[in-house]
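Below you'll find the structure, written out as structure tokens, and then a few comments.
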Amino acid sequence: MESKWISHNGVRLFSESFGTPNDPPILLIMGAMASAVWWAEDFCCQMAALGRYVIRYDHRDTGRSTSYESGHIHYSVEDLADDAFCVLNGYGIQSAHLVGMSLGGFLAQLMTLKRPQRVKSLTLIASEPLAETDPTIPGIDPSVLEYHAKASELDWANREAVIEYQIGAWRLISGSAHPFDESAIRELAGADFDRTPNLMTTFNHALLQGGEKWFNRLHEIAVPTLVIHGTEDCVLPYAHSLVLQAEIQDAVLLPLPGTGHELHRVDWSVILEAIEKHTVSQQEIT
């Protein structure tokens, strides 16, 4: 694993790469309020071992990247999408396969509409459509909102307290297909705490706005698209994946039965195999 700082317009983004730069590039885009460590290092290494050059990075207000005062947001959804392009620029990559989870998938859709020539393919994990809110699709489970409403009561300088809070949050959004992997979440939460100067700034993502001019244009996406979604996702329910499959031409849907809003280790082999096949270049086929 190699690390790299990328700077643009006064913003510093921290990134890490796995594998060989000559292999097909995959940019991993994590969801809201989560640094790149939530793309587990083992997951990235396994993806790289399939012959892919894998890059993960910290969004603004997460990890080691530029952060702002808690409760004040200084950027939009489009700015975060532009950050991702700047990460690619920092590695000298003209076009890449995008793999986004949750908000990361939302950003990947926007990136594809904005600069389609820079996107080889899309993989959308536990994501939602880049569109106006559909009242017919279930929203986030109220229990998740209630849990995070208590965040202000936590001592965010207390490592153990923060780790326990994170474990509770991830337990709440996990599915029933696999036993909750508390040890893995404990390890990742600890790494996230150690990586992030002030974890309270991650909640700035809850204030995100923008991207409206790209709404309801999914039919314009022409790159190969893979949709991966847990059937027990209580943050972005499974119905979102059905909309993505219907709206994006030739999109392929891979359901994960009983999986929640998570990247559970037991699902890695299925996810990685699907992404490997999805990102095979025409040169490899011939």
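Quick note: the sequence shown uses my numbering, first residue 3, plus one each step. Glycine residues also receive a C-beta, built at the ideal position from the N, C-alpha and C atoms.
Check, Outcome
"Inter-stretch contact (C-beta, 8 angstroms, three-pair minimum) for the region 184 to 199 and the region 62 to 78", "yes"
"Pro27, DSSP secondary structure in three states", "strand"
"Which of helix, strand or coil DSSP assigns to Ser17", "strand"
"Straight-line gap, Gly102 to Asn160 (C-alpha atoms, nearest Å)", "30 angstroms"
"Contacting residues, own chain, Cβ-Cβ under 6 angstroms from Pro27 (five flanking each side not counted)", "Tyr55, Ile95, Ala98"
"Proximity below 8 angstroms, CB of Cys46 to CB of Arg62", "no"
"Thr227, DSSP secondary structure in three states", "strand"
"Enclosing beta strand (DSSP E) for Pro1 [first to last residue]", "The question about residue 1 has no answer, for the chain in this structure spans 3 to 288."
"Same chain only: Cβ atoms within 8 angstroms of Leu109, ignoring 5 sequence neighbours per side", "Ile31, Val79, Leu82, Ala83, Ala86, Gly102"
"Collapsed DSSP secondary structure at Ala58 in the structure displayed", "Position check: residue 58 holds Arg in this sequence, whereas Ala was assumed. In this structure, Arg58 counts as strand in the three-state DSSP scheme."
"Buried or exposed by the 16-neighbour rule on C-beta atoms within 10 Å, applied to Glu222", "exposed"
"Residue nearest to Ala171 in terms of C-alpha spacing, selected from Glu278, Val245, Gly262", "Gly262"
"Nearest-angstrom Cα separation, counted from Lys215 out to Ala42", "33 angstroms"
"CB contact check: Thr68 to chain B, cutoff 8 angstroms", "Included in the structure is just one protein chain, with no chain B present."
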